[in-house]
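Residue numbers (this note's numbering): 13 to 113. Backbone N, C-alpha and C fix where the C-beta goes; we use that ideal spot for every residue, glycine too. Since the structure comes first, as structure tokens, the remarks are kept for the end.
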Amino acid sequence: AMNMHSFRQTRIDGTIRLNQNGIVLFQMPFDAGWHAFSDGRAIPTLKVDGGLLGVALKDGEHRIELRYQPPLLYAGAAVTLLSVGVLLLSLWKWPRIRLLN
């Protein structure tokens, strides 16, 4: 069992000791937004048992961290910033166009 140090909606942190190599299964649905770290290094997440989140670990004691970041967060932020930029540019240009007519 994993000894949890902190549990939040977007971050889970704890330690686990394995006697042999294996897959640690988390009782939560797999989602591409979950990123796993073992002892500070990124490790791949796995879709196991029909859709649950898992990670493969070697034997020994490990500090596990799961972080959730929506897959399209940065793309959405870029589109939003671009849209605001276009809006500000059009508001700045609009009075000049009106004065010319």
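Discussion item. Assuming residue 42 and residue 26 are in contact, meaning their beta carbons sit under 8 Å apart, how far apart are those beta carbons, in whole angstroms?
Written reply: Not a contact, Cβ separation roughly 19 Å.
Worksheet item: Can you round the beta-carbon distance between residue 28 and residue 60 to whole angstroms, since I take them to be within the 8 Å contact cut?
Response: Their Cβ separation, rounded to whole angstroms, is 16 Å, which puts residue 28 and residue 60 out of contact at 8 Å.
Worksheet item: Roughly how many angstroms separate the alpha carbons of residue 102 and residue 88, rounded to a whole number?
Response: 21 Å
Worksheet item: Which one or two residues does DSSP pair with residue 83 in a beta bridge?
Response: Per DSSP, none; premise fails for residue 83.
Discussion item. Please report the distance separating the alpha-carbon of residue 68 from that of residue 52.
Written reply: 15 Å
Worksheet item: Is residue 13 buried or exposed, if buried means 16 or more other CB atoms sit within 10 Å of its CB?
Response: exposed
Worksheet item: residue 66 lies in the beta strand (DSSP E); which residues open and close that run?
Response: 64 to 69
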